[in-house]
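Participant: Residue numbers (my numbering): 1087 to 1376.
Note that CB positions come from ideal geometry on N, CA and C, so glycine has one too.
Model, not experiment: these values are computed from the prediction.
1) Whose C-alpha, out of 1098, 1296, 1166, 1157, is nearest the C-alpha of residue 1239?
2) Contact between the segment 1168-1176 and the segment 1199-1210 is defined here as three or more beta-carbon pairs at a separation below 8 Å; is this criterion met?
3) Grab the span of the alpha helix (DSSP H) containing residue 1275 for me, first residue to last.
4) So residue 1241 and residue 1254 are in contact, right, with Cβ under 8 Å, and what is the actual spacing, rounded?
5) Check residue 1253 in the structure and name its three-state DSSP category.
6) Taking the runs of the beta strand (DSSP E) that are 3 residues or longer, which of them lie wholly in the segment 1125-1187?
7) Starting from the Cα of residue 1329, find the closest Cα among 1097, 1321, 1342 and give me that residue.
8) Could you name the residues of the same chain whose beta carbon sits closer than 6 Å to that of residue 1127, not counting the 5 residues immediately before and after it, in chain order?
9) Give the straight-line distance between the Cα atoms of residue 1249 and residue 1308, rounded to the nearest whole angstrom.
10) Would the beta-carbon of residue 1172 fall within 9 Å of that of residue 1184?
11) Measuring only the C-alpha atoms, how far is residue 1213 from residue 1311?
12) Which residues in the same chain have their Cβ closer than 6 Å to the Cβ of residue 1332, if we skip the five residues on either side of it in sequence?
13) Starting from residue 1262, trace the beta strand (DSSP E) both ways and give me its first and last residue.
14) If we ignore side chains and look at the alpha-carbon of each, how far apart do residue 1282 and residue 1293 end up?
15) Looking at the unbroken alpha helix (DSSP H) that takes in residue 1322, where does it start and where does it end?
16) In terms of alpha-carbon separation, which member of 1326, 1161, 1144 lies closest to residue 1178?
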């Protein structure tokens, strides 16, 4: 697809609709589809604030957009937004307008303010149980003991709990996830108590899989009583805690990558980097200061 007026590139609503349809056909995950479309809209918003003659797409325009982002976002966010925009530009045949991502050194440690410790996780679960939030406590235990994404909770079914493993399909890939024995016992008991004979265990009253935003909101509500900063509490941090704990015991990044469902092992490396305090302790223990 290539929409031009003369030699000028113009983005139309039809192009965006066609791109969305293409992503569906390419089996991009719903989250990827949503993010890419939002990032394209951010670019269009940038264009709308310019003079009419500057609201066309060119290499110069996209470079200026990149500079605009650099004043407002961190590098990782900028690069993810540029990946989305480049994907769209390639789809419509405007390859010459694509720009390079910003090069940055891989982070050596995680920020303490976003690092959820095992003790803090246990406090969250304890507070949820104390407040009779059985479903929420079990959701957190399921994510943290298996390393699955919150969007993959729908594959934790009554059948999976009975057989001890779940078949997960995500981003066009399928993998089997082992469910710890104690978790299975809890899942089976919860399903029985809630009359769930088959299908997804974590569901709403209408039978639909739990929404990510509801889980996020419910976890945040535990923070004050658990004495934990809200910046540390969100579903994906439970997946990070699983990865960190697994690697500390097994020291097997290849197997961990398979469990997490990563295509690139460099993605897995992000999950197991040290916290700032751990990195500092290791540097101090070198004994190189006389």
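Facilitator: A quick look at the data gives this:
1) One-based indexing of the chain shown puts residue 1239 at position 153. Checked all of 1098, 1296, 1166, 1157; the closest Cα to residue 1239 is 1296.
2) No, because fewer than three Cβ pairs between the segment 1168-1176 and the segment 1199-1210 fall closer than 8 Å, the two stretches do not touch.
3) Translated into the one-based positions of the chain shown, residue 1275 becomes position 189. Its alpha helix (DSSP H) spans residues 1267-1279.
4) For the purposes of this step, residue 1241 is taken as the residue at position 155 of the chain shown. For the purposes of this step, residue 1254 is taken as the residue at position 168 of the chain shown. The Cβ separation is near 5 Å, so the contact holds.
5) For the purposes of this step, residue 1253 is taken as residue 167 along the chain shown, with counting starting at 1. DSSP places residue 1253 in strand when its eight states are reduced to three.
6) DSSP runs (the beta strand (DSSP E)) wholly in the segment 1125-1187: none.
7) Position 243 of the chain shown holds residue 1329. If you compare the alpha carbons of 1097, 1321, 1342 with that of residue 1329, the shortest gap goes to 1342.
8) For the purposes of this step, residue 1127 is identified with residue 41 of the chain shown, where counting begins at 1. For residue 1127, where only same-chain residues beyond five positions count, there are no Cβ hits under 6 Å.
9) The residue labelled residue 1249 in the question sits at position 163 within the chain shown. The residue labelled residue 1308 in the question sits at position 222 within the chain shown. When rounded, the distance between both Cα atoms is 32 Å.
10) The sequence position of residue 1172 within the chain shown is 86, counting from 1. The sequence position of residue 1184 within the chain shown is 98, counting from 1. A contact, by the Cβ cut-off of 9 Å.
11) By one-based count along the chain shown, residue 1213 stands at place 127. By one-based count along the chain shown, residue 1311 stands at place 225. The straight-line gap from Cα to Cα measures roughly 7 Å.
12) As a position in the chain shown, residue 1332 is number 246, starting the count at 1. Answer for residue 1332: 1342, listed in chain order.
13) Reading the chain shown from its first residue, position 176 is the one you call residue 1262. Per DSSP, residue 1262 belongs to the beta strand (DSSP E) from 1259-1264.
14) Position 196 of the chain shown holds residue 1282. Position 207 of the chain shown holds residue 1293. Taking the straight line joining both Cα atoms gives about 10 Å.
15) The sequence position of residue 1322 within the chain shown is 236, counting from 1. Residues 1321-1336.
16) Counted from its first residue, the chain shown places residue 1178 at position 92. Nearest of 1326, 1161, 1144 to residue 1178, Cα basis: 1144.
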